[in-house]
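Q:
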Amino acid sequence: MPTTAVTLRQLEYFVATARAHSMAGAAAVLHVSPAAVSLGIAELERMLDAQLFRRVRHQPLVLTDSGADLLADASAVLARVDELEARALARTAALSGTVHLGCFTTLAPTYLPRLVSAMADAHPDIRLEATEGPLDLLQNDVLNGTLELALLYGVDLRPGLAAERVGELRPYVVLPGDHRLAKRRKVHLADLATEPMILLDAPPSRQHATSVLAAAGVTPVVERVTQNFETLRSFVARGHGWGFLVQRPRDDTSYEGLPLAAVAIADEVEPVAIVVATAAGARLSRRAQACIGLCRTVVAA
8 MPTTAVTLRQ LEYFVATARA HSMAGAAAVL HVSPAAVSLG IAELERMLDA
58 QLFRRVRHQP LVLTDSGADL LADASAVLAR VDELEARALA RTAALSGTVH
108 LGCFTTLAPT YLPRLVSAMA DAHPDIRLEA TEGPLDLLQN DVLNGTLELA
158 LLYGVDLRPG LAAERVGELR PYVVLPGDHR LAKRRKVHLA DLATEPMILL
208 DAPPSRQHAT SVLAAAGVTP VVERVTQNFE TLRSFVARGH GWGFLVQRPR
258 DDTSYEGLPL AAVAIADEVE PVAIVVATAA GARLSRRAQA CIGLCRTVVA
308 A
């Protein structure tokens with residue numbers, strides 16, 4: 008049985024190492040020596056009588072099952088300590104520290120750079136550490152405490168997550184610039200039912216598109232499947248098919264400079280929510296709360 012209490016410093020070393028996947032990376036973030044991090048984690052493992060990381064020479068550190076369980080609890084403890092420290096400061100004190108935010112891949116180009124700029128302007132002492140990724144990975148990282156927040160579509164969210172709506176987008180179809188329907192203000196999905204479709208296969212995009220099409224009585228003629236948003240647009244611009252998208256760039260041209268037409272859908276289609284996901288019941292730091300407010304402002308702009 009351990010005779011010494013676990014320290015906040017040890018938990019801080021552990022969480023930083025889990026996020027950096029290396030002790031050297033954690034040491035750089037925390038401005039301490041790698042030896043101090045190594046010693047702190049070794050002591051933590053000894054006191055808990057558990058191996059927290061799988062160590063393979065020249066490979067990133069990977070959490071064991073025990074480590075994954077501890078990460079969520081340790082992150083919650085440190086967030087609670089941050090909150091207590093914040094309450095001890097005057098409410099007018101400047102916010103500082105780091106916010107770990109995830110952003111869904113197709114949302115990132117539109118919102119992430121603007122969000123980082125907005126954070127730098129509003130709270131220059133807060134560093135926004137951003138991770139782009141697919142839906143499953145980001146949800147996992149929020150649930151296990153690696154990320155405090157994630158900017159996602161509010162579709163197919165897992166139990167255990169809380170979601171705060173910060174905006175919404177309306178789905179549309181993207182057509183080649185010279186398509187017969189390109190000049191229409193709106194089109195019915197049935198108007199495209201017999202034409203080849205380029206399908207975006209980046210969860211939850213595929214599931215959402217197929218469910219909307221099914222509700223409109225359309226079985227798509229899928230010509231090609233891609234996991235990349237811009238690849239879909241490039242195929243469409245070259246006349247290989249049409250696409251169903253939610254995120255809309257300001258420029259209606261492909262990477263090659265070929266014209267595209269973004270046309271609204273005449274069928275009754277629900278808008279897709281953009282949400283900030285957090286672990287349900289988590290106590291958010293003031294930094295994280297400030298980040299959510301900025302997400303709302305940036306998405307609405």
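For my numbering, count along the sequence shown from 1 and bump the result up by 7.
Backbone N, C-alpha and C fix where the C-beta goes; we use that ideal spot for every residue, glycine too.
None of the values given here were measured: they were computed from a predicted structure.
1) Please state whether DSSP places G74 in a helix, a strand or coil.
2) Please classify Y20: does DSSP put it in a helix, a strand, or coil?
3) Which class does E171 belong to by DSSP, given the choice of helix, strand or coil?
4) Checking 8 Å against the spacing of the C-beta atoms, do L102 and R290 come in under that value?
5) Tell me whether Y160 sits in a helix, a strand or coil according to DSSP, three-state version.
6) By DSSP, does A81 sit in helix, in strand, or in coil?
7) Would you kindly work out how many angstroms separate the C-alpha atoms of F236 and P183, rounded to a whole number?
8) Could you pull the start and end residues of the beta strand (DSSP E) that T233 belongs to?
9) For L15, does the count of other Cβ atoms within 10 angstroms reach 16, so buried, or fall short, so exposed?
10) Taking C-alpha atoms, which residue in L239, D148, P120 lies nearest to D208?
11) Check for me: the alpha helix (DSSP H) holding G300 runs from which residue to which?
12) DSSP three-state label for V13, please.
13) Just the C-alpha distance for K193 and L142, rounded to the nearest angstrom, thanks.
14) Tell me which residues share the same chain as V219 and place their Cβ nearer than 6 Å to its Cβ, disregarding the 5 neighbours each side in the sequence.
15) So the candidates are T217, V13, L70, V282; which of them puts its Cα closest to the Cα of E171?
16) In chain order, what residues of the same chain lie with their CB nearer than 6 Å to the CB of P227, ignoring the 5 residues before and after it?
A: By the coordinates alone:
1) Here residue 74 refers to the residue found at position 67 of the sequence shown. G74: helix per DSSP, three-state reduction.
2) Along the sequence shown, read from residue 1 onward, the residue named residue 20 stands at position 13. DSSP places Y20 in helix when its eight states are reduced to three.
3) The residue labelled residue 171 in the question sits at position 164 within the sequence shown. Here E171 sits in strand by DSSP.
4) As a position in the sequence shown, residue 102 is number 95, starting the count at 1. As a position in the sequence shown, residue 290 is number 283, starting the count at 1. No, Cβ-Cβ distance for L102 and R290 is not below 8 Å.
5) Locating residue 160 in the sequence shown gives position 153, counting from the first residue. The answer is strand: DSSP assigns Y160 an E or B state.
6) Along the sequence shown, one-based indexing puts residue 81 at 74. Reduced to three states, the DSSP call for A81 is helix.
7) Here residue 236 is taken as the residue at index 229 of the sequence shown, counted from 1. Here residue 183 is taken as the residue at index 176 of the sequence shown, counted from 1. Roughly 15 Å between the two C-alpha positions.
8) Here residue 233 refers to the residue found at position 226 when the sequence shown is read from its first residue. Where T233 is concerned, the enclosing beta strand (DSSP E) stretches over 228-233.
9) On the sequence shown, residue 15 is found 8 positions in, with the first residue counted as 1. Per the 10 Å Cβ criterion, exposed.
10) Taking the first residue of the sequence shown as position 1, residue 208 is located at position 201. With distances taken between Cα atoms, D208 lies closest to L239.
11) The residue you call residue 300 lines up with position 293 of the sequence shown. It spans 293-307 - the alpha helix (DSSP H) in which G300 sits, taken as one unbroken run.
12) What you label residue 13 is simply residue 6 of the sequence shown in a count that begins at 1. Note: V13 maps to coil in three-state DSSP.
13) Against the sequence shown, residue 193 aligns to sequence position 186. Against the sequence shown, residue 142 aligns to sequence position 135. Going from the Cα of K193 to the Cα of L142 covers about 30 Å.
14) Counted from its first residue, the sequence shown places residue 219 at position 212. Once the five neighbours on either side are set aside, the close Cβ partners of V219 are V276.
15) Mapped onto the sequence shown, residue 171 falls at position 164. For E171, the nearest C-alpha among the options comes from V282.
16) To locate residue 227, count along the sequence shown from 1; it is residue 220. For P227, where only same-chain residues beyond five positions count, the Cβ hits under 6 Å are M204, L220.
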